[in-house]
Every structure is written in C-alpha cells, then in structure tokens.
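Heads up, the sequence shown is in the working numbering, so the first residue is 627 and it goes up one at a time.
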Amino acid sequence: PPTWTSYLKSCSDSLTDYNIRSYPITSFAQFLHIGFSLMLSNGMVIRKCKLCNGYFQAKFSSDQMYCSRIYKNTSATCSEVGIRKTYKEKLFQHPIHQEFTKSYNKLYGRIRRGKIPKDTPLMDELKRLHDEYTEKYEHTRGKDREDVWKEYIQKNKDLLG
C-alpha cells in the first residue's frame, strides 16, 4: 500500500492550480497549507455545521448554517432538520404564538377534564383568531404591534371566558 510520503511525492510533481503554477510539496503540513490557501483564494467558504459540528463548503451563501449530510439516525439532512428547528425556535419566540399556546393548553385542559365537549367550535375559533392576528402583527411596526398584541389577548380572554 502507498504511504503518505509516496503520495505526497507523486502529488508534488503534478499539483497545480488554475494558473498552471506548481508547488513543490515536502510535507503533509505544507500540502494542507497550500490546499487551504488555494481554497481561500478562490473564494471558497468553509463553515462548521451547527447540528453535527462537521465542516462543509458553503454553496449558496456565506451565511449557510447547516451541511447536507444525513443527520444522526434520521433520513433527513442537517439542513432540513436545522431549518425546521430554527423555524420552531422563532415561532415560539413570537408573542402571538406564545399567547395562543397558553390559550390552547387552557382550552385543551378544560376538554380533557370534561368541562367542555370534545367537538367544541372554540378550538377552531382559537386557531382562526391566531392566524388572523399573526397576520396583523406581521404587517404592523413599533407601537402598533403592541396594540395588536393587546387586542389579541383581549379577544382570547373574551373567547375563553
């Protein structure tokens, strides 16, 4: 089997870049240094995946956070899993969604305890109200956002009694 020394020797004679420049390589460290220098000079961006901690070449943009390897014991890539994870994190930071979650849990608890019938239209009303006010909230700015949020809380209270 070939050794690193023989591999480096065979590569040192033929390793060239796009400008047909040759690089006499005498060590593995030098091989890595030249390789990384060429990658950086060609604008290649190397990133560390935020899920699997593996390194990858950013293909689409320099702010790409996840690689395209299969993530752990799933059939999805780190990119697919990461996008879902980021979406859920942002969703749960959304003030309208936080209120919706509290109201939903309160209503679901009443249904489980038998205080409200299972086929109550309140659940659908709650979801409709959430969608309506999420849309309103996203299309307003500054102080108006706070007013939309307070209005949503009041409508929620009115709905659940």
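Using N, Cα and C, we set each Cβ at its ideal position, and we do this for glycine too. If you're wondering where the values come from, they're calculated on a predicted model, not measured in any experiment.
- Within the same chain, and ignoring the five residues on either side of Ser694 in sequence, the residues whose Cβ sits closer than 6 angstroms to its Cβ are Thr703, Ser705.
- The bridge partners DSSP lists for Gln683 are Ile672.
- Ranking Ser632, Arg771, Gln656, Ala655 by CA distance to the CA of His720 puts Arg771 first.
- Counting the other Cβ atoms within 10 Å of the Cβ of Asn782 gives 16 or more, which makes it buried.
- Assigned with DSSP and collapsed to three states, Ile742 falls in coil, not helix or strand.
- Contact between the region 731 to 744 and the region 706 to 715 is absent: fewer than 3 CB-CB pairs across the two stretches fall below 8 angstroms.
- CA-CA distance, Asn679 to Leu634, rounds to 29 angstroms.
- For Thr700, the closest C-alpha among the options Leu677, Thr727, Ser653, Gly740 is that of Leu677.
- Taking 4 residues as the shortest admissible run, the region 688 to 734 contains the following complete alpha helix (DSSP H) segments, listed from N- to C-terminal end: 704 to 719.
- Our two residues, Tyr697 and Phe682, have alpha carbons roughly 14 angstroms apart in a direct line.
- The C-beta distance from Thr760 to Ile722 rounds to 5 angstroms, short enough to fall under 8 angstroms.
- Ser663 sits in a helix when the DSSP states are folded into three classes.
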